[in-house]
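In our numbering, the protein residues as written are 525 to 627. Where a beta carbon is used, it is the ideal one built from N, C-alpha and C, also for glycine. Since the structure is predicted, the reported quantities are computational estimates derived from the model, not experimental observations.
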């Protein structure tokens with residue numbers, strides 16, 4: 525499980541928008557009862573729910589570790605702010621250490 529420090533930037537009927545490290549934002553379809561704009565929070569994201577997406581990157585990072593496990597490959601990526609996230613990808617993903625990739 526990835527845990528990322530975020531800042532709440534908007535709360536409305538559609539959900540909560542948070543600012544990620546590196547200033548990207550993402551809307552989460554959850555309406556917290558105790559958070560308001562400007563609050564710090566921790567966002568939990570499973571490795572299988574993150575995707576590498578060159579057409580619409582939200583966060584960029586450097587690959588620190590590539591763990592090939594046959595059908596799946598886990599990439600350990602250092603993002604802005606120094607946090608490390610794990611992304612589950614296809615087993616044939618060509619990423620190597622020190623690649624700079626979009627998530």
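contact_flag[the region 587-594, the region 537-554] where n(CB pairs < 8 Å) is 3 or more: no
Integer-rounded CB distance, given that residue 585 should sit under 8 Å from residue 603: For this step, residue 603 is matched to residue 79 along the chain shown. For this step, residue 585 is matched to residue 61 along the chain shown. Yes, residue 603 and residue 585 are in contact; Cβ-Cβ is about 4 Å, under 8 Å.
Residue span of the beta strand (DSSP E) that contains residue 548, given as start and end: In the chain shown, the residue the question calls residue 548 occupies position 24. Note, residue 548: premise wrong, no beta strand (DSSP E); not H, not E.
Whether residue 559 touches residue 532 by CB criterion (7 Å): Along the chain shown, read from residue 1 onward, the residue named residue 559 stands at position 35. Along the chain shown, read from residue 1 onward, the residue named residue 532 stands at position 8. Yes, the Cβ-Cβ distance between residue 559 and residue 532 is below 7 Å.
C-beta atoms of residue 610 and residue 624 nearer than 7 Å: Here residue 610 refers to the residue found at position 86 of the chain shown. Here residue 624 refers to the residue found at position 100 of the chain shown. With contacts defined as CB atoms closer than 7 Å, residue 610 and residue 624 fail to qualify as a contacting pair.
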